[in-house]
Each structure stands twice: as structure tokens, then as C-alpha cells.
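Under numbering that gives the first Met the number 0, residues 0 to 422 are what the sequence shown spells out, in order. Written below as C-alpha cells is the structure these notes are about.
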Amino acid sequence: MRSIYFLLNLLLLFFIFNKLSLVYTKEALAELWDVEDSELLDFFAIEKKLITIDKILQPLIKEHILSFGGTYINVTKKQVFVNTVDHSVVPIITNSAELIHTDYLNFITFVTASNSLVTLADRFLKIYNLIKQFKPKSIQCYINMELNNIVIRHSQTINNNEFLNSAREYNPIFIQPSVNFPHPRCKEGITQFPILRRNLNRKILSGEGLMNLFKREECSVGFWARDNNNEELNYIVTAGHCSIKRSRLAGTENFAHISWDSPKLNRLGQMVDSDKIDRYDFGLINITDSIYLQSMTTLIRNTDSKSFAELIMEDGIEMTSYGSHVCKSGWRSHVTCGYIKGLGTITTDSKGRAFKDRIYYGKSAFQISCAGDSGGSVYSYLQDLETVGLSGIHLGRFGDFSEFLPLNIILSKGKIKLVRPSH
Ligand SMILES: *[C@@H]1O[C@H](CO)[C@@H](O)[C@H](O)[C@H]1NC(C)=O
Ligand SMILES: *[C@@H]1O[C@H](CO)[C@@H](O)[C@H](O)[C@H]1NC(C)=O
0 MRSIYFLLNL LLLFFIFNKL SLVYTKEALA ELWDVEDSEL LDFFAIEKKL ITIDKILQPL
60 IKEHILSFGG TYINVTKKQV FVNTVDHSVV PIITNSAELI HTDYLNFITF VTASNSLVTL
120 ADRFLKIYNL IKQFKPKSIQ CYINMELNNI VIRHSQTINN NEFLNSAREY NPIFIQPSVN
180 FPHPRCKEGI TQFPILRRNL NRKILSGEGL MNLFKREECS VGFWARDNNN EELNYIVTAG
240 HCSIKRSRLA GTENFAHISW DSPKLNRLGQ MVDSDKIDRY DFGLINITDS IYLQSMTTLI
300 RNTDSKSFAE LIMEDGIEMT SYGSHVCKSG WRSHVTCGYI KGLGTITTDS KGRAFKDRIY
360 YGKSAFQISC AGDSGGSVYS YLQDLETVGL SGIHLGRFGD FSEFLPLNII LSKGKIKLVR
420 PSH
């Protein structure tokens with residue numbers, strides 16, 4: 000009997016290690032696309048082409064919003080899918096000057112759909128009004144392009160019945176999200192509590208840890224930014240909820256940097272008091288006077304990659320295609336990737352406050368982020384595995400969906416600009 004238990008344990012260990020090694024030996028993006036690292040460049044080329052085609056298609060179908068229900072890409076299938084309500088309009092699109100003499104048509108599939116863009120937008124607006132009226136707690140609402148419908152994600156354990164029953168009128172799909180594949184890093188506790196110590200040689204990269212020295216809670220470095228009107232003012236952007244909301248202390252809390260591989264803390268500076276902390280959930284740590292300003296980089300930490308441990312953040316990039324990839328680097332789960340699931344969304348928090356225009360990303364049934372990753376940089380690979388464009392900062396997770404705040408909102412509302420690499 001004993002030996003059986005021993006064998007079982009051994010087997011279990013084998014599976015656990017196998018799983019860990021699966022997570023840590025491949026590039027995170029290869030994990031998402033379920034390909035080998037060696038195939039990634041080919042897949043980049045395919046994705047890039049599909050996004051280009053999708054960018055041509057989107058304005059074309061907007062001229063026929065009653066006939067089409069939106070587009071999404073699928074890299075595995077090498078296709079851009081166009082939800083089509085009225086197939087008689089398809090020739091107008093395929094004969095358009097932008098498409099007719101290209102091979103792009105081989106990459107487009109018109110799929111039959113029942114809801115047009117007008118129907119979807121109208122129902123979305125009506126459901127938004129119900130959200131404002133009933134203030135449901137901890138829900139996510141977005142247009143799911145593959146399902147060609149509005150999806151409301153909610154938790155079984157929270158009573159939002161009034162809202163959910165009213166929303167039924169608009170035939171949305173209700174989903175209670177779940178995770179079948181938790182991220183192994185998210186289960187680990189902090190083994191060693193970091194100690195405050197000066198460490199001047201250390202570079203500071205996006206995705207590394209931040210600690211709120213008052214709350215003793217961790218977050219992640221988003222990116223390095225400067226004031227629009229005064230180059231001398233330097234900030235680290237992170238999630239607003241890393242700060243204490245609506246308290247006398249907001250604006251005086253000190254933050255420190257924690258590297259992924261060293262249990263030492265470097266005191267950076269204080270979070271600037273601002274209404275953006277609550278309103279949009281981003282905050283600025285003022286590092287203007289910090290001795291660590293010289294340690295700031297425009298790199299993203301990707302230690303688990305064999306070849307590209309530091310990623311070069313070239314510029315900002317806007318996400319436009321459902322189904323395209325996006326990755327995040329964060330203190331707890333490091334680099335993980337997901338597909339763009341929702342563009343233009345409504346999220347409510349545990350108090351029922353609504354937030355618009357966050358972007359949902361994820362891999363179905365997988366957990367790709369956890370507490371401690373908040374604020375971490377969200378980016379997309381440009382043409383190789385080393386240069387990336389910044390898309391925003393990670394804000395949180397509900398089941399298998401993670402959320403990020405788009406860069407353009409942070410830059411415009413924060414009146415700041417992204418610090419770019421000096422060539
Ligand atoms: C793309 O298509 C593949 C093959 O049918 C499917 O397994 C996968 O879930 C799709 N990807 C996305 C992001 O929907
Ligand atoms: C950041 O710190 C600098 C130097 O102490 C200060 O002059 C500036 O006002 C601070 N910025 C904000 C927005 O608080």
C-alpha cells in the first residue's frame with residue numbers, strides 16, 4: 000500500500016513539474032498560440048497580415064452597419080471573419096478598390112450572423128443604462144464577436160438578480176466565468192519578505208514589483224512617463240488601486256521597487272494625489288527627485304524567456320482587432336499572453352461603480368494574471384520577439400479574463416507622455 004502512495008506521489012510530482020516546465024520553457028506567446036518557439040516568426044507574419052486586412056475591412060463594413068455584425072481574426076485558422084447579416088452586400092466589400100486586386104480575399108470568411116452592428120450597439124447602450132440604474136456588482140459586459148452577441152459575465156455568489164432579470168429583455172448571453180488552469184506562480188506566497196535597502200546598481204524595468212510601503216501590498220511597474228509640459232517631472236505609472244482610495248493618506252503613500260530576483264526594496268517616491276486614481280484606476284509615482292531616476296529603463300522584464308530576457312518598448316500601439324494577441328509583464332505571474340476579447344467594455348467593481356473602455360484579454364479557461372500584477376505593462380510584439388509596442392497597464396482579472404486600461408486614456412487623462420528609448 001505504501002509503495003502505491005509513493006508511486007502516486009511521484010506521479011503527481013512528475014505532473015506538477017511537467018506543468019511548470021511547460022509554463023516556463025516556451026515563449027509566453029508560443030504558449031498562447033500553441034506553437035513552438037521556432038514557428039513564432041511565421042505566425043507573427045500571419046497575424047500582421049490579418050490585422051492589416053481587418054483594418055481595411057472595418058471602415059468598409061461601417062458603411063453597411065445594418066448588414067454586418069463586426070469582425071475578428073483567428074491566427075490559427077489564418078482568417079479574418081466577418082459576421083454577415085445580409086449576404087447580398089458581400090460583393091460590395093469584395094469588389095472594393097482596397098481588396099479586389101489583392102490576395103487578401105483568400106484570408107476573409109463571411110460567416111452568417113443574426114445581429115448587425117446597429118443591433119449590438121443599441122442593445123449594449125440599453126444594457127449600459129440598466130447598469131447605471133441597478134449598479135450590479137463585479138460584472139463584465141462586452142460584445143463577443145465570435146458569439147455575435149453581448150455577453151454579461153457575473154458571479155454566482157453575488158446577488159445581481161434585479162439587473163440580470165432586466166437585462167434579459169435584450170437577449171444577452173450570461174456567463175459565470177471559471178478557470179480550469181490556474182497559473183502556477185499565482186499559488187506561491189512570498190517566501191521572503193523584502194527588506195528596505197539601497198541598491199543603486201539595479202535597473203528598474205516595466206513588469207517588476209512595486210510595494211506600497213503603507214499597505215504592504217505589491218503591484219507592478221507599468222511604464223516610465225514624463226509630464227507633457229515639463230520634461231523634468233518623471234513618473235512611474237501603475238494601477239490606481241495600488242493606492243489607498245479616498246483616504247487622507249492618498250498622495251503621501253511611499254512606494255518601493257522590488258526586482259523579480261532580489262528580495263530588496265528601493266524606496267522610489269510617493270503617489271501623486273489625483274482624481275484619476277479612482278476614476279480611471281491609474282496612478283503616478285513621482286520619481287522626479289528619486290536617486291533611482293537614473294535606474295529607469297524603457298525595457299520590459301521577461302526573465303523566463305531563454306533568448307529575450309529584456310524587451311525593448313519602442314512606442315505605444317493601439318489594439319484594434321478582436322482575436323489579436325496581447326501580453327503582460329507583472330510581478331507575480333511574470334509574462335503571460337491572451338487574445339483580445341473585448342474592446343469597448345463596461346466593468347463594475349465590488350461596489351457597483353462602472354468603468355468604461357477597459358480592454359479584456361485572456362485565454363479561455365486559463366488564468367493569466369493574479370494579485371500583484373496590477374499596474375504591469377501590457378504590450379504587443381511588433382515584428383520579432385524583442386521589440387514591442389505598449390498598449391496599457393494591467394488592472395485585474397475576473398475568471399479567465401484579464402483587463403487593461405488603454406495607453407491613450409492614461410496619456411491623455413494623466414497629461415503625460417511615454418518615455419521612449421534614446422537611440
Ligand atoms: C481559432 O480557431 C481554432 C481552431 O478552430 C480554435 O481552437 C481557437 O479557439 C480559435 N481562437 C480564438 C482566439 O478564438
Ligand atoms: C513631483 O516632485 C517634484 C519634485 O519634488 C515636484 O516639484 C512636483 O510638483 C511633483 N509633482 C506632482 C504632480 O506632485
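Every residue gets a Cβ at the ideal spot worked out from N, C-alpha and C, and that includes glycine.
Among E62, F106, N227 and T70, which residue has its Cα nearest to the Cα of V88? E62
Whole angstroms is fine: what's the gap from L7's alpha carbon to G388's? Reliability of the predicted coordinates at L7 is poor, the pLDDT of 44 falling under 50, and no value is obtained from them.
Quick check: what's the CA-CA separation for L59 versus S165? 34 Å
From V34 to I64, what does the alpha carbon distance come to, in whole angstroms? 36 Å
Output the distance between the C-alpha atoms of M0 and Y380, rounded to the nearest integer angstrom. Bear in mind that a pLDDT of 44 at M0, under 50, signals an unreliable position, so the number given afterwards is only what the model happens to contain. Going from the Cα of M0 to the Cα of Y380 covers about 52 Å.
Is any heavy atom of ligand 2 found at a distance shorter than 8 Å from the C-beta of N253? no
Using a strict less-than 6 Å threshold between each residue's beta carbon and the heavy atoms of ligand 2, what residues do you get? L232, V271, N285, T287 and D288
Between which two residues does the beta strand (DSSP E) harbouring N128 extend? Careful: N128 lies outside any beta strand (DSSP E), inside the alpha helix (DSSP H) at L116 to F133.
Classify F222 as helix, strand or coil using the three-state DSSP reduction. strand
Where the alpha helix (DSSP H) containing Q366 begins and where it ends: Unbroken run through Q366: none, as it is neither H nor E.
To the nearest angstrom, report how far apart Q57 and D226 are at their CA atoms. 34 Å
Please report the Cβ distance between I316 and S390, rounded to the nearest whole angstrom; I am assuming they are in contact, meaning their Cβ atoms lie under 8 Å. 6 Å
Among the residues of its own chain, which have a CB less than 6 Å from the CB of Y338, if the five just before and after it don't count? G322
V74 beta carbon near ligand 1 (any heavy atom closer than 8 Å): yes
What are the complete alpha helix (DSSP H) segments, minimum 4 residues, inside the segment 88-118? 89-93
T346, buried or exposed, once every other Cβ within 10 Å from all chains shown has been counted against 16: buried
Cβ distance (whole Å) where M144 is taken to contact N82 below 8 Å: 7 Å
Is any non-hydrogen atom of ligand 1 found closer than 8 Å to the C-beta of S401, if you look at the structure I gave you? no
Go through its chain and collect everything with a Cβ distance to L21's Cβ below 7 Å, but skip five positions before and after it. Because L21 carries a pLDDT of 43, less than 50, the predicted location of this residue cannot be relied on, and the following value inherits that uncertainty. Around L21: no qualifying Cβ.
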